[in-house]
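**Q** This structure is in structure tokens; I'll ask about it shortly.
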Amino acid sequence: MDKILVLDFGGQYNMLIARRVRAMNVYAEIKPYNKITPEEIKAAGYKGVIFTGGPNSVYDEKSPHYSKEILNLGIPILGICYGHQLLSYLAGGEIVPAKGGSEYGSTKLVAQNCTLFKGVPENSVCYMSHTDYVSRLPEGFKIIAHTDNCPCAAMCNEKGKLYGVQFHPEVTHTEYGNQILKNFVLGICGCDRNWVMSDFITQTTERYKKELAGKKVLLALSGGVDSSVAAVLLHKAIGKNLYCVFVDHGLLRQGEGDYVENTIGRNLGVNIIRVNAKDRFLKRLSGITEPEEKRHIIGEEFIRVFESEARKLGKIDVLAQGTIYPDVIESGKGDSAVIKSHHNVGGLPDIMNFESIAEPLRDLFKDEVREVGIQLGIPKDLVFRQPFPGPGLGIRVIGEITEEKLKLLKEADAIFRSEIDKLRFSKRPNQYFAVITDTKSVGVMGDARTYGYTVVLRAVNTDDFMTAAWSRLSYELLEAASSRITNEIKGITRVVYDITSKPPATVEWE
Ligand code: XMP
């Protein structure tokens, strides 16, 4: 399979570059600049390399550099932003800080006719974010685009198949960004478009049929997208040898336990062992009000329940996990690169004696996981469901978690979600839910005084959940949710809407 290497120099859009390449059905992987040598790049058979952006200036002592050897491999290179400057530097060019200061945001680009800009008009808009620029071209290179403030907005050495763009083709603000990336990946590198999810499913299934033949495999199913897709995919490969333990801690949303059991288990035939452990969890959480303590207890109890269930199954050979690509990408930010290793069930492999771990989705981005899910026949509402935290409603019940508050919260949350779900999918916030506070207030119903809980509605729009804006829901929708909650649920007297963004708040209340 043809593949592109995204060589990471610590920029903020690196995952986006790989996703854009994959969206054209070409496999792309990200590696930190200090974890792969030119020899290894050659040996791995990459058909092209993209140098990413980065926060540094090439002359900074600490800035990430790379061996000049890469220029002699005969593999096409596209440098983006810092990558463009680094390419120029490695090839013998000069870089200086721009006289007019930084160029930032949407900028008019004037492009010339060349292989990289095939189909790109002379005038278009690109997205710039830089302070330095290439002031003297390396030998053998020519300028192929400029902006008002940047004389070398793009350069190339057609013979050496070396290209650099000062702007960011991977962000949507660059009008012809996708076209430029396509010209590089499909045209210049000559990649075949053979990264398709149906092939991924067939190949992965075949691989696991062999690798896991006769083995007993255990997976912790949460009902989230990743573990569900991993379960259905592995089920396709090994059928009943896959045991999915689904711990229902009683902190799931209304009807969720049955929904997961029916959709993944009954309808798709996956072998699910559901453990109804609500009483056990609530008992341990009784009297606990501190958020971190709640999280800790829920996490620990989850492992205990999972472990005791697994023991009942006898010897387990392999632990399967729904790890996805963003969980395993190493960061290229400086020398202190850390591996973000994510385990859906933290700590389990240490506790139990497995031969190995199977992570069928570890090469996929979230949107690819979703596509695999759809192709496997998992219903759209599960595949596109909003994120739900591991500790569940436990961190949406403020103060002590009681049966009463939990029941009220589940009902209110179901109403709010059903009102939002009336919106077209593209109009829905990225995450929306209810929170029950520990505050009671007075209300009036008919002629009688009521005294009940205050519920908060929370809805946010976000790309990455690192920052989030509160959703501007319509007054009509908020009104419908509020009046239904107070009318249909006895025990809730007041509904408020959270208009705090992240930062300074977080998405969850606890
Ligand atoms: P915060 O509250 O940190 O949430 O702004 C950002 C995103 O992460 C989810 N979240 C969690 N997910 N375990 C999880 O699996 C947790 O303990 C947890 N805390 C927050 C949250 O729902 C949001 O999508």
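Positions 1185 to 1694 (this note's numbering) are the ones given, in order, by the sequence shown. Note that beta-carbon positions come from the ideal geometry of N, C-alpha and C, so glycine has one too.
(1) Throw me the rounded Cβ distance for the Cys-1298 and Cys-1340 pair, which I believe falls under 8 Å.
(2) When you compare only the Cα positions, how much space is there between Asp-1648 and Ser-1286?
(3) At a cut-off of 7 Å, would you count Pro-1475 as near ligand 1, judging by its Cβ distance to the nearest heavy atom?
(4) Any idea if Phe-1490 is buried or exposed, counting beta-carbon neighbours within 10 angstroms, 16 or more meaning buried?
(5) From Glu-1476, Leu-1270, Gly-1238, pick the residue whose C-alpha is nearest to that of Glu-1584; which is it?
(6) With a threshold of 7 Å on Cβ separation, who are the neighbours of Tyr-1217 within its own chain once the five nearest residues in sequence on each side are excluded?
(7) Of the residues Tyr-1197, Glu-1213, Glu-1359, Asn-1256, which one's Cα is nearest the Cα of Glu-1223?
(8) Let me confirm a value: Gly-1531 is counted as buried when at least 16 other C-beta atoms fall within 10 Å, else exposed. Which label applies?
(9) Could you round the C-beta distance between Leu-1403 and Ala-1504 to whole angstroms and report it? I think they count as a contact, below 8 Å.
(10) Where does the unbroken alpha helix (DSSP H) through Tyr-1392 begin, and where does it stop?
(11) Is Asp-1186 near Cys-1375, with beta carbons less than 8 Å apart?
(12) Does the Cβ of Arg-1206 have 16 or more other Cβ atoms within 10 Å, making it buried, or fewer, making it exposed?
(13) I want to know whether the stretch 1451-1463 touches the stretch 1427-1435 - three or more CB-CB distances under 8 Å.
(14) Mind reading off the beta-carbon distance from Gly-1578 to Leu-1545? Whole number of angstroms is fine, and I expect it under 8 Å.
(15) CB Arg-1580 to CB Phe-1549, shorter than 8 Å?
(16) What is the rounded straight-line gap between the Cα of Ile-1673 and the Cα of Ile-1582?
(17) State yes or no: is the C-beta of Gln-1363 within less than 8 Å of the C-beta of Val-1304?
(18) Is Gln-1350 buried or exposed, if buried means 16 or more other CB atoms sit within 10 Å of its CB?
(19) Is it buried or exposed for Lys-1231, if we count other Cβ within 10 angstroms and need 16 for buried?
(20) Is the beta carbon of Arg-1554 sitting closer than 8 Å to the one on Val-1409?
(21) Just to confirm, is the Cβ distance from Ala-1542 to Val-1416 under 8 Å?
(22) Across which residues does DSSP place Met-1650 in a beta bridge pair?
(23) Could you give the uninterrupted runs of the alpha helix (DSSP H) lying entirely in the stretch 1191-1263, keeping only those of 4 residues or more?
(24) Just tell me which of Val-1691, Phe-1600, Leu-1566 has its CA closest to the CA of Glu-1660.
(25) Unbroken beta strand (DSSP E) runs of length 3 or more, entirely within the stretch 1406-1487: which are they?
(26) Considering Asn-1341, what are the terminal residues of the beta strand (DSSP E) in which it resides?
(27) Cα separation between Tyr-1211 and Val-1626?
(28) In the DSSP output, which residue or residues are listed as bridge partners for Pro-1281?
(29) Quick one: grab the DSSP three-state call for Ala-1689.
(30) For the structure I just gave you, are there three or more beta carbon pairs, one from the stretch 1343-1359 and one from the stretch 1306-1325, closer than 8 Å?
(31) Does the Cβ of Asp-1332 have 16 or more other Cβ atoms within 10 Å, making it buried, or fewer, making it exposed?
(32) Does the stretch 1463-1471 come close enough to the stretch 1600-1613 to have 3 or more Cβ pairs within less than 8 Å?
(33) Should Asn-1528 go down as buried or exposed, given a rule of 16 or more other Cβ atoms within 10 Å for buried?
(34) For Cys-1310, which residues does DSSP report across the bridge?
(35) Gln-1387: buried (16+ other C-beta within 10 angstroms of its C-beta) or exposed?
(36) Which residues count as close to ligand 1 when the rule is a CB under 6 Å from any of its heavy atoms, in chain order?
**A** Straight from the coordinates:
(1) Sure, about 6 Å apart at Cβ, within 8 Å.
(2) The alpha-carbon atoms of Asp-1648 and Ser-1286 are separated by roughly 26 Å.
(3) Flag unset: Cβ of Pro-1475 not near ligand 1.
(4) The residue is buried, with at least 16 neighbouring Cβ atoms inside 10 Å.
(5) If we check each option's Cα against that of Glu-1584, Glu-1476 comes out closest.
(6) Cβ within range, chain order: Leu-1191, Asp-1192, Phe-1193, Pro-1248, Tyr-1250, Gly-1516.
(7) Per the Cα distances, Asn-1256.
(8) For Gly-1531, the predicted structure reports a pLDDT of 48, less than 50, and the residue's modelled location is therefore unreliable. A value from the coordinates is still provided. Looking at its Cβ environment, which holds fewer than 16 other Cβ atoms inside 10 Å, Gly-1531 is exposed.
(9) Between Leu-1403 and Ala-1504 a beta carbon distance of about 4 Å is seen, short of the 8 Å cut, so the two are scored as contacting.
(10) Taken as a continuous stretch (DSSP letters only), the alpha helix (DSSP H) holding Tyr-1392 covers 1381-1395.
(11) Contact flag set, yes.
(12) Buried.
(13) The stretch 1451-1463 makes contact with the stretch 1427-1435, as at least three CB pairs between them are under 8 Å.
(14) For Gly-1578 against Leu-1545, the beta-carbon gap comes to about 26 Å, at or over 8 Å, which does not count as contact.
(15) With respect to the 8 Å criterion, Arg-1580 and Phe-1549 are not classified as neighbours on the basis of their beta carbons.
(16) Straight-line Cα distance between these residues: approximately 18 Å.
(17) In contact: Gln-1363 and Val-1304 (Cβ atoms closer than 8 Å).
(18) Counting of Cβ neighbours within 10 angstroms places Gln-1350 among the buried residues, the total reaching 16 or more.
(19) Buried: at least 16 other Cβ atoms inside 10 Å.
(20) Result yes, Cβ atoms of Arg-1554 and Val-1409 sit closer than 8 Å.
(21) Not a contact, by the Cβ cut-off of 8 Å.
(22) Beta-bridge pairing links Met-1650 to no other residue.
(23) As far as the stretch 1191-1263 is concerned, its whole alpha helix (DSSP H) runs of at least 4 residues are 1198-1207, 1222-1228.
(24) Ranking Val-1691, Phe-1600, Leu-1566 by Cα distance to Glu-1660 puts Phe-1600 first.
(25) Listed in chain order, the beta strand (DSSP E) runs fully inside the stretch 1406-1487 are 1426-1432, 1456-1460, counting runs of at least 3 residues.
(26) It spans 1338-1341 - the beta strand (DSSP E) in which Asn-1341 sits, taken as one unbroken run.
(27) Approximately 59 Å between the Cα atoms of the pair.
(28) Among the bridge pairs identified by DSSP, Pro-1281 is matched with Asp-1316.
(29) It is coil, neither helix nor strand.
(30) Yes: the two stretches touch, three or more of their Cβ pairs being nearer than 8 Å.
(31) Asp-1332 should be labelled exposed.
(32) No: fewer than three Cβ pairs fall under 8 Å.
(33) Because the pLDDT of Asn-1528 is 40, which lies under 50, any placement of that residue in the model is unreliable, and the number read from its coordinates should be weighed accordingly. Flag for Asn-1528 reads buried.
(34) In DSSP, Cys-1310 forms a bridge with Thr-1291.
(35) Answer is exposed; the Cβ neighbour count stays below 16.
(36) Here the residues come out as Arg-1479, Pro-1571, Pro-1573, Gly-1574, Pro-1575, Gln-1615, Phe-1649, Lys-1686, Thr-1690, Val-1691, Glu-1692.
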